[in-house]
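**Student:** Order-wise, the sequence lines are chains Z and E. In this text, residue positions in the first sequence follow our numbering: the first is 1, and each later residue adds one. In this text, residue positions in the second sequence follow our numbering: the first is 1, and each later residue adds one.
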Amino acid sequence: MKKDGYLDLFLTFARIGGLTFGGGYAMLPMLQKEVVESKAWASEEELLDYYAVGQCTPGIIAVNVATFIGNKLKGTLGGIAATLGVVAPSFVIILVLAAAIHNFADNEYVRHALAGIRVAVAVLVVNAVIGLWKKGVKGIAGVIAFSAVFLISVFFAVSPIWIVLAAIVIGIIYGQVFKAREEKS
Amino acid sequence: MSVFFLLFIEFFKTGLFAIGGGLATLPFLYEMADKYTWFDEAILTDMIAISESTPGPIGVNMATYAGYSAGHMQAGIGGGILGAALATIGLIMPSIIIILIVARFLKRFRDNKLVNDAFFMLRPAVTGLIASACFTIIQTSLFQIPAFQASGNLWDVFILPSIILFAVLFAASNIWKKLHPIVFIAAAAVAGILLKL
Numbered sequence: 001m002k003k004d005g006y007l008d009l010f011l012t013f014a015r016i017g018g019l020t021f022g023g024g025y026a027m028l029p030m031l032q033k034e035v036v037e038s039k040a041w042a043s044e045e046e047l048l049d050y051y052a053v054g055q056c057t058p059g060i061i062a063v064n065v066a067t068f069i070g071n072k073l074k075g076t077l078g079g080i081a082a083t084l085g086v087v088a089p090s091f092v093i094i095l096v097l098a099a100a101i102h103n104f105a106d107n108e109y110v111r112h113a114l115a116g117i118r119v120a121v122a123v124l125v126v127n128a129v130i131g132l133w134k135k136g137v138k139g140i141a142g143v144i145a146f147s148a149v150f151l152i153s154v155f156f157a158v159s160p161i162w163i164v165l166a167a168i169v170i171g172i173i174y175g176q177v178f179k180a181r182e183e184k185s
Numbered sequence: 001m002s003v004f005f006l007l008f009i010e011f012f013k014t015g016l017f018a019i020g021g022g023l024a025t026l027p028f029l030y031e032m033a034d035k036y037t038w039f040d041e042a043i044l045t046d047m048i049a050i051s052e053s054t055p056g057p058i059g060v061n062m063a064t065y066a067g068y069s070a071g072h073m074q075a076g077i078g079g080g081i082l083g084a085a086l087a088t089i090g091l092i093m094p095s096i097i098i099i100l101i102v103a104r105f106l107k108r109f110r111d112n113k114l115v116n117d118a119f120f121m122l123r124p125a126v127t128g129l130i131a132s133a134c135f136t137i138i139q140t141s142l143f144q145i146p147a148f149q150a151s152g153n154l155w156d157v158f159i160l161p162s163i164i165l166f167a168v169l170f171a172a173s174n175i176w177k178k179l180h181p182i183v184f185i186a187a188a189a190v191a192g193i194l195l196k197l
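1. With E41 (chain E) and S159 (chain Z) assumed to form a contact (beta carbons below 8 Å), what rounded beta-carbon distance in angstroms separates them?
2. Whole-angstrom Cβ separation of T88 (chain E) and V129 (chain Z), contact assumed at under 8 Å?
3. Under the three-state reduction of DSSP, which class applies to K2 (chain Z): helix, strand or coil?
4. Is the number of C-beta pairs between the segment 148-159 of chain Z and the segment 98-105 of chain E that are closer than 8 Å three or more?
5. Taking N103 (chain Z) as the query, report the chain E residues whose CB atoms sit under 9 Å from its CB, ordered along the chain.
6. Which one of E:G152, E:A131, E:P161 has the shortest CA to CA distance from F155 (chain Z)?
7. Just list the alpha helix (DSSP H) runs in the segment 124-183 of chain Z, keeping only unbroken ones of 4 residues or longer that don't cross its boundaries, in chain order.
8. Count the other CB atoms, across all protein chains shown, that sit within 10 Å of the CB of M1 (chain Z); report buried if there are 16 or more and exposed otherwise.
9. Grab the span of the alpha helix (DSSP H) containing E52 (chain E) for me, first residue to last.
10. If the cut-off is 9 Å on Cβ atoms, which residues from the segment 113-124 of chain E count as contacting chain Z, listed in chain order?
11. Buried or exposed: where does K138 (chain Z) fall if 16 or more other Cβ atoms within 10 Å of its Cβ makes it buried?
12. Measure the alpha-carbon distance for I9 (chain E) versus L77 (chain Z) and round it to whole angstroms.
13. Taking only beta-carbon atoms, is N64 (chain Z) less than 8 Å away from chain E?
14. Which of the residues in the segment 27-38 of chain E, read from start to end, lie with their CB under 8 Å from any CB of chain Z?
15. Apart from the five residues on each side of it in sequence, which residues of its chain come closer than 6 Å, Cβ to Cβ, to I137 (chain E)?
16. Less than 8 Å between the C-beta atoms of F178 (chain Z) and A82 (chain Z), yes or no?
17. Which residue or residues does DSSP assign as beta-bridge partners of I19 (chain E)?
18. Do R110 (chain E) and D49 (chain Z) have their beta-carbon atoms positioned less than 8 Å apart in this structure?
19. Just to confirm, is the Cβ distance from G171 (chain Z) to D117 (chain E) under 8 Å?
20. Note down, in chain order, each residue of its chain lying with its Cβ closer than 6 Å to the Cβ of Y174 (chain Z), except the 5 sequence neighbours on either side.
21. Using a Cβ-Cβ cutoff of less than 6 Å, which residues in the same chain neighbour E44 (chain Z) once the five nearest sequence positions on both sides are dropped?
22. Mind checking if F13 (chain Z) is an interface residue toward chain E, Cβ cutoff 8 Å exclusive?
23. Using a Cβ-Cβ cutoff of less than 8 Å, which residues in the same chain neighbour M191 (chain E) once the five nearest sequence positions on both sides are dropped?
24. Quick one: which unbroken alpha helix (DSSP H) runs of 4-plus residues sit fully inside the segment 61-135 of chain E? Chain order, please.
25. Taking three-plus beta-carbon pairs below 8 Å as touching, is the segment 91-104 of chain Z in contact with the segment 18-28 of chain E?
26. Please report the straight-line C-alpha distance between M121 (chain E) and I98 (chain E), rounded to a whole angstrom.
27. Measure the C-alpha to C-alpha separation of I117 (chain Z) and G80 (chain E) and round it to an integer number of angstroms.
28. Name the two residues that bound the continuous alpha helix (DSSP H) containing V190 (chain E).
29. Considering only their Cβ atoms, is the gap separating G59 (chain E) from G71 (chain E) smaller than 8 Å?
30. I'd like the span of the alpha helix (DSSP H) that includes S151 (chain E), first residue to last.
31. Quick check: what's the CA-CA separation for S141 (chain E) versus A171 (chain E)?
32. Could you tell me the distance, in whole angstroms, from the CA atom of R108 (chain E) to the CA atom of A147 (chain E)?
33. Give the interface partners of A145 (chain Z) over in chain E, defined as CB-CB distance under 8 Å, in chain order.
In structure tokens:
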């Protein structure tokens, strides 16, 4: 009981959160090592299930996976303990950095450095979009959906909420129509 | 309405509708930059760099930073910490609630046809949303539309050193794919100082 208590959940997930750079996907190898191999809190297969579902439920993937594992071990409070753990290190680090940046933002060198960094960010996000395109945009329907959303959100101030909801509804209708056709032929 | 309550609500909405991981929060953050005075698009781009260079989930980093900026504007450092806490809690709360529910019927959720159908359109749509956020980043980091509007000279639109730096970094990041993003961010910071961007 003591060993698998809330504190252990919190600390283990704090270690995972504090040592992975780059968000959700980078966290998988760390989770495999800590949660599957050293703690045996979940099997490899369970972890991949959590990951798959964590990707297609709202919110941050790492938080979703932490909630799953914590909940599995210690119920609702365990889910909350694991989630707070995974979030805690980033929270503290970013708070310190945010305070520092607010004090240095007017420095001439910092301004030039940040202008350069923005260019690097543009590169990183372009690469991320290319990666997402390769994984998620399939067939002519996917290309049309991508282009429509891109154009709508560049030219009109539509909240992403409506776009997400519309995509879910259209996806379900499209699925029903296609399935019906496939069954007929 | 108090900025702190608004922060919580806005990040709760983001947590509820940003599906597919960290970058999916970007379109929501750009909408917030448009709607409120908490942070502007340039600061958002800095936030992405900070998130890429520090540990932890990107979405959480963004919420903490944005909450700090907004709260700090309102009530100094104490306000910044409160804003950061409320934004972060707002962001993760929908996840916790939804996962605790889904955990009860995990297998059925994963194999559900409606869920898979929804995702068929959701994936390209979310990619489109992130691409439009990307468009804004490129616009603010490589081009200067206000300078063009002031001078009327088309050439003034382009920030040439930034565009060259973009091309170099893009090529480098696709040649050395294994390199950590922090390497490119550090190199770009040095280039920014040397080129006086």
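Cβ coordinates follow ideal geometry from the N, Cα and C atoms, glycine included. Remember, it's a predicted structure, so these values are computed and weren't measured experimentally.
**Tutor:** From the atom records:
1. Mapped onto the second sequence, residue 41 (chain E) falls at position 41. Mapped onto the first sequence, residue 159 (chain Z) falls at position 159. Between S159 (chain Z) and E41 (chain E) the Cβ distance is about 17 Å, and since that is not below 8 Å, they are no contact.
2. Position 88 of the second sequence holds residue 88 (chain E). Position 129 of the first sequence holds residue 129 (chain Z). So it is not a contact: roughly 26 Å between Cβ atoms.
3. On the first sequence, residue 2 (chain Z) is found 2 positions in, with the first residue counted as 1. Low per-residue confidence applies at K2 (chain Z): pLDDT is 48, beneath 50, and the placement is therefore not dependable, though the value from the model is reported in the following sentence. Note: K2 (chain Z) maps to coil in three-state DSSP.
4. no
5. Reading the first sequence from its first residue, position 103 is the one you call residue 103 (chain Z). Here the premise fails: no neighbours, minimum Cβ distance about 10 Å.
6. Along the first sequence, read from residue 1 onward, the residue named residue 155 (chain Z) stands at position 155. The option with the nearest alpha carbon to F155 (chain Z) is E:A131.
7. 139-155
8. For the purposes of this step, residue 1 (chain Z) is taken as the residue at position 1 of the first sequence. Because M1 (chain Z) carries a pLDDT of 43, less than 50, the predicted location of this residue cannot be relied on, and the following value inherits that uncertainty. So M1 (chain Z) counts as exposed.
9. On the second sequence, position 52 is the one that residue 52 (chain E) refers to. Counting along the chain, the alpha helix (DSSP H) containing E52 (chain E) begins and ends at 41-53.
10. Listed by position, the residues of the segment 113-124 of chain E near chain Z (Cβ gap below 9 Å) are K113, L114, V115, N116, D117, A118, F119, F120, M121, L122, R123, P124.
11. Here residue 138 (chain Z) is taken as the residue at index 138 of the first sequence, counted from 1. Exposed, since its Cβ has fewer than 16 Cβ neighbours within 10 Å.
12. For this step, residue 9 (chain E) is matched to residue 9 along the second sequence. For this step, residue 77 (chain Z) is matched to residue 77 along the first sequence. I9 (chain E) and L77 (chain Z): Cα-Cα distance of roughly 23 Å.
13. For the purposes of this step, residue 64 (chain Z) is identified with residue 64 of the first sequence, where counting begins at 1. It does: the Cβ of N64 (chain Z) has a partner Cβ on chain E nearer than 8 Å.
14. P27, F28, E31, D34
15. Here the question's residue 137 (chain E) lines up with position 137 in the second sequence. The residues are T45.
16. To locate residue 178 (chain Z), count along the first sequence from 1; it is residue 178. To locate residue 82 (chain Z), count along the first sequence from 1; it is residue 82. Against a cut-off of 8 Å, the Cβ pair of A82 (chain Z) and F178 (chain Z) comes out as no contact.
17. Mapped onto the second sequence, residue 19 (chain E) falls at position 19. In the DSSP output, where bridge partners are listed per residue, I19 (chain E) has Z:P58.
18. In the first sequence, counting from the first residue as 1, residue 49 (chain Z) sits at position 49. In the second sequence, counting from the first residue as 1, residue 110 (chain E) sits at position 110. Cβ distance < 8 Å, so D49 (chain Z) and R110 (chain E) count as in contact.
19. Numbered from 1 along the first sequence, position 171 holds the residue referred to as residue 171 (chain Z). Numbered from 1 along the second sequence, position 117 holds the residue referred to as residue 117 (chain E). Cβ distance < 8 Å, so G171 (chain Z) and D117 (chain E) count as in contact.
20. Position 174 of the first sequence, counting from 1, holds the residue named residue 174 (chain Z). Around Y174 (chain Z): no qualifying Cβ.
21. Here residue 44 (chain Z) corresponds to residue number 44 of the first sequence, with the count starting at 1. Contacts found: V36.
22. Locating residue 13 (chain Z) in the first sequence gives position 13, counting from the first residue. No - not a single Cβ of chain E is within 8 Å of the one on F13 (chain Z).
23. Here residue 191 (chain E) corresponds to residue number 191 of the second sequence, with the count starting at 1. The question names Met, but residue 191 (chain E) in the sequence shown is Ala. Residues of the same chain with a CB within less than 8 Å of the CB of A191 (chain E), apart from the 5 flanking positions on each side, are L165, L197 in chain order.
24. 106-110
25. no
26. For the purposes of this step, residue 121 (chain E) is taken as the residue at position 121 of the second sequence. For the purposes of this step, residue 98 (chain E) is taken as the residue at position 98 of the second sequence. Those two C-alpha atoms are separated by around 21 Å.
27. As a working note, residue 117 (chain Z) is residue 117 in the first sequence. As a working note, residue 80 (chain E) is residue 80 in the second sequence. Spanning the two alpha carbons is a distance of roughly 24 Å.
28. The residue you call residue 190 (chain E) lines up with position 190 of the second sequence. Residues 181-195.
29. What you label residue 71 (chain E) is simply residue 71 of the second sequence in a count that begins at 1. What you label residue 59 (chain E) is simply residue 59 of the second sequence in a count that begins at 1. No; because the gap between Cβ atoms is not below 8 Å, this pair is not in contact.
30. Along the second sequence, one-based indexing puts residue 151 (chain E) at 151. Element bounds for S151 (chain E): 145-151.
31. Residue mapping note: residue 141 (chain E) aligns to position 141 of the second sequence, counting from 1. Residue mapping note: residue 171 (chain E) aligns to position 171 of the second sequence, counting from 1. Those two C-alpha atoms are separated by around 18 Å.
32. Taking the second sequence and counting its residues from 1, the one referred to as residue 108 (chain E) is at position 108. Taking the second sequence and counting its residues from 1, the one referred to as residue 147 (chain E) is at position 147. Going by the C-alpha atoms only, they are around 56 Å apart.
33. As a working note, residue 145 (chain Z) is residue 145 in the first sequence. M121, P124, A125, G128, listed in chain order.
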